[in-house]
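Working notes, structure below.
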Amino acid sequence: MRSLPWPKRLKPLLLACKEEAPVTQIHALVITTGLSTNSNSNSLIIASYARMGDITSARYVFDKLPLRGVDAWNSMIIAYSRRNYRNEVLNLYHQMIDEGVKPDSSIFTVAIKASSSLMALEVGEGIWHRAVDFGYGCDVFVASSVLNLYVKCGKIDEAKLVFDKMVKRDVVSWATMITGLVHNGKVLEAVDMFGRMKKEGIEGDGVVMLGLIQACAHLGDLKLGLSVHGHMVRREMPMNDIILQTSLVDMYAKIGNLGLASRAFKQMPRKNAVSWGALISGFAQNGFAEYALDLLVEMQGFRFKPDTVALVSALLACAQVGHLKLGKSIHGYIVRRLDFELVLGTALIDMYAKCGALSCAHAIFDRMDSRDLILWNTMIASYGIHGDGKEVLSLFLKMKEADIRPDHATFASLLSALSHSGQVDVGQFWFNAMVNECKIPPSEKHYACMVDLLSRAGRVEEAYQLIESMNTEPGMAIWVALLSGCHNCRNLLIGEVAAKKILELNPDDLGIYALVSNFFSMTRMWDKVSILRKTMKETGMKKVPGYSAVEVNGKHEAFLVEDKSHHQYEEIMQMLDSLDNEMRVFRYVPDTWHDPGGSELKFID
DNA sequence: CCCGTTGCGG
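Numbered per the UniProt record's numbering, the first sequence spans residues 1 to 605.
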């Protein structure tokens, strides 16, 4: 064996390597000088190959070693962990245990991390228990990675148990708990946790603030949001961090304060596609479709390529305003530039359906090579909004055949479609199946559908019985459905109950007042009618007019009820009349096919 | 004692 200066000089030498060739040279030198029996130099070589990105060579050296010390295992496992080869990490970990090598704390840490990212709770727990056996139960890194495991797998109570037992907690442990609580919907507990952290004298870092910002977004709490933002500014937190700034934009947008969201966005010295996406989605989610679409075009002017979130938001905006042409051009953009992910397919189906191009929606549905619950739900809901109860039912049955388990949303669409197409018995059958076989507790919405279904068929007594069987307090939608049923079949007794309940709930919708008022008129309870009229005047309720929007030759036209301002109003009415006549001749055959022609609004590539 | 290992945006 040679004298020792070599390995000492080996490390800085290898660390200085920027390319693979010198590593290979040093490796060869190590072999010829007989240093390859030194386990320290071997692990350095493995780590260096891995650092150059050549994990195959690293593994080759590793496999050739006659004796593998902890350092060699460490280098190899961490190399796999860095490249996110989770299964290799776990394989090597188990191999190491089998060979009786005593792992050190970092092996446990990365092995637990690998389990969390695979969502392999039992595997991770097994590793954690072994780590405790080896005496690493109090290691902050090991414990924090197990916190992350529990949190990722939704086991918040287990995470809390481990957290409370930790003797030492660093900012990472706190951050893991705070973000974990937020992601598991325990937002208030997360805020509380932040208070505890400060009491223990630990300063929050960027990740902690990120969790709190998400908590505020979730709560829709502007005051808290502003205080978190202020706290960050005062503490001179990493405000230059694009991630934190983007999450502030997202927070203000989610709270619904788009002024502050825009301001936070404008203040960003550097933006990326994600920041644009946050703002676009904010405008789209809050109903400002035109702004969202303008921003989508604007971001491309700055050479940012819209990603999935921006495009999904833009499609949502198109759906809201009926902007079929831009929707189509986004479709083209997606086909040309991005992987056709499920979410994008779902958003496209929704957009086409809401813009009236149901056949385009169905074509996309047919062409998807995998279909998840959300995609099925969207397709079913699309036929639902077009009133095609028959197709809704047929899709629902196909979905069951495809072994996708329907959820509450599926049943909401199904029951609503069945109610609109008057299929009372089928509706009752599936409502019962939902409760008894699928074990889905019926929500307010489901009850409202059933009440509507029964009421429309004039079976208001049954509807009333259903309402009385509810465990929760029935809300506005349910009483409104019952009342309109009672109005139609002139059931004064039940109708009055419904009308009273509605008034107790203080509706802010003029249409609902009109319904109640009409009902009282029918029952000749004129005193009640006049009281109602007075309330309506006093509260100064104005009905937000419903409108439909279409796009003609790239120009948007909105139509309001009784709106005669359009320059082609006469022609439009004539056309509607002739369509009406034609429908009578053909006994109303609905045709929702749209020409999926070229697009006019351009996308910058 | 040192190094490596834990948490992360729309």
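Backbone N, C-alpha and C define an ideal beta-carbon position, used for all residues, glycine too. Predicted model, so just to flag it, every value in this text is computed and none were measured.
Are A253 and A278 closer than 8 angstroms when you measure CB to CB?
Result yes, Cβ atoms of A253 and A278 sit closer than 8 angstroms.
Look at the alpha carbon of G301 and the alpha carbon of Y291, and state the distance between them as a whole number of angstroms.
Approximately 15 angstroms between the Cα atoms of the pair.
Between A217, P406, H231 and L161, which has its C-alpha nearest K198's C-alpha?
Among A217, P406, H231 and L161, the Cα nearest to that of K198 is on H231.
Confirm, please, whether the CB-CB distance from G384 to S419 is below 8 angstroms.
In this structure, G384 does not lie closer than 8 angstroms to S419 by Cβ.
Give the secondary structure of residue 649 by DSSP, where H, G and I count as helix, E and B as strand, and everything else as coil.
Residue 649 is absent from the structure shown; the chain starts at 1 and stops at 605.
Kindly list the residues whose CB is nearer than 8 angstroms to the CB of M119, restricted to its own chain and excluding five residues on each side of it in sequence; keep chain order.
Closer than 8 angstroms at the Cβ level, and outside the excluded window around M119, lie K152 and C153.
Alpha carbon to alpha carbon, how far is G124 from E158? Give it in angstroms, no decimals.
Roughly 13 angstroms between the two C-alpha positions.
On the CB-based measure, 16 or more other CB atoms within 10 Å of its CB, does F340 come out buried or exposed?
Exposed is the call here.
Run through the UniProt repeat "PPR" (372-406) for me and flag every whole alpha helix (DSSP H) of 4 or more residues, listed as ranges in chain order.
Runs of the alpha helix (DSSP H) inside the UniProt repeat "PPR" (372-406): 373-385 and 389-401.
Output the distance between the C-alpha atoms of M52 and K186, rounded to the nearest integer angstrom.
So the two alpha carbons sit approximately 42 angstroms from each other.
Hey, I330 and L315 are a contact pair by Cβ (cut 8 angstroms); roughly how many whole angstroms apart?
That pair is a contact at about 6 angstroms.
Looking at the structure shown, is T176 part of a helix, part of a strand, or coil, going by DSSP?
Note: T176 maps to helix in three-state DSSP.
So residue 618 and L210 are supposed to be a Cβ contact under 8 angstroms. How far apart are they, rounded?
Any question about residue 618 goes unanswered here, given that the chain covers just 1 to 605.
Helix, strand or coil for K254 per DSSP?
Helix, per DSSP.
Taking DSSP as the reference, what is the three-state secondary structure of T523?
DSSP places T523 in coil when its eight states are reduced to three.
Can you check which of these residues, G126, I112, L161 and E496, is closest to V142 by C-alpha distance?
The shortest Cα separation from V142 among G126, I112, L161 and E496 belongs to I112.
What are the start and end residues of each continuous alpha helix (DSSP H) run of 4 or more residues lying completely inside the stretch 39-69, in chain order?
Counting whole runs of 4 or more residues, the stretch 39-69 contains the alpha helix (DSSP H) stretches 39-51 and 55-64.
Can you grab the Cα-Cα spacing for the pair W174 / G69, in whole Å?
Taking the straight line joining both Cα atoms gives about 34 angstroms.
With H, G and I counted as helix, E and B as strand and the rest as coil, what does DSSP make of L493?
If DSSP states are grouped into helix, strand and coil, L493 belongs with the helices.
At the level of alpha carbons, what is the spacing between M237 and I202?
Rounded to whole angstroms, M237 to I202 spans 14 angstroms at the Cα level.
Between which two residues does the alpha helix (DSSP H) harbouring D452 extend?
It spans E444 to R456 - the alpha helix (DSSP H) in which D452 sits, taken as one unbroken run.
Are L483 and A463 closer than 8 angstroms when you measure CB to CB?
Not closer than 8 angstroms, so no.
In chain order, what residues of the same chain have a beta carbon less than 8 angstroms from the beta carbon of T410, not counting five sequence neighbours either side?
Taken in chain order, the residues that qualify are L373, W376, N377, I380, F396 and M399.
With 16 as the cutoff for other CB atoms within 10 Å, does Q568 come out buried or exposed?
Classification for Q568: exposed.
Report all residues from its chain with a CB closer than 6 angstroms to the CB of H218; omit the five preceding and five following residues, and keep chain order.
Around H218: V187.
Would you decide whether D139 is buried or exposed? Buried here means 16 or more other CB atoms lie within 10 Å of its CB.
D139 comes out buried.
Taking the continuous alpha helix (DSSP H) assigned at K305, which residues delimit it?
Careful: K305 lies outside any alpha helix (DSSP H) and carries neither H nor E.
Looking at I478 and A448, is the spacing between their C-beta atoms short of 8 angstroms?
For A448 and I478, yes; Cβs fall inside 8 angstroms.
Note down, in chain order, each residue of its chain lying with its Cβ closer than 8 angstroms to the Cβ of H487, except the 5 sequence neighbours on either side.
Excluding sequence neighbours, H487 sits near G495, L515, N518, F519 and M522.
Would the beta-carbon of T179 fall within 8 angstroms of that of V162?
No.
Thinking C-alpha only, which one of N286, S455 and R405 is nearest G220?
G220 has its Cα closest to that of N286, out of N286, S455 and R405.
Would you tell me roughly how many angstroms separate the C-alpha atoms of F134 and L212, rounded to the nearest one?
Each residue's Cα considered, the two are about 35 angstroms apart.
Helix or strand or just coil, what does DSSP make of L338?
Note: L338 maps to coil in three-state DSSP.
In or out: S578 buried (at least 16 other Cβ within 10 Å) or exposed?
Answer is exposed; the Cβ neighbour count stays below 16.
Under three-state DSSP, which class holds D133?
Residue state, collapsed to three classes: helix.
Determine whether the beta carbon atoms of I127 and S115 lie at a separation below 8 angstroms.
Taking 8 angstroms as the Cβ cut-off, I127 and S115 qualify as a contacting pair.
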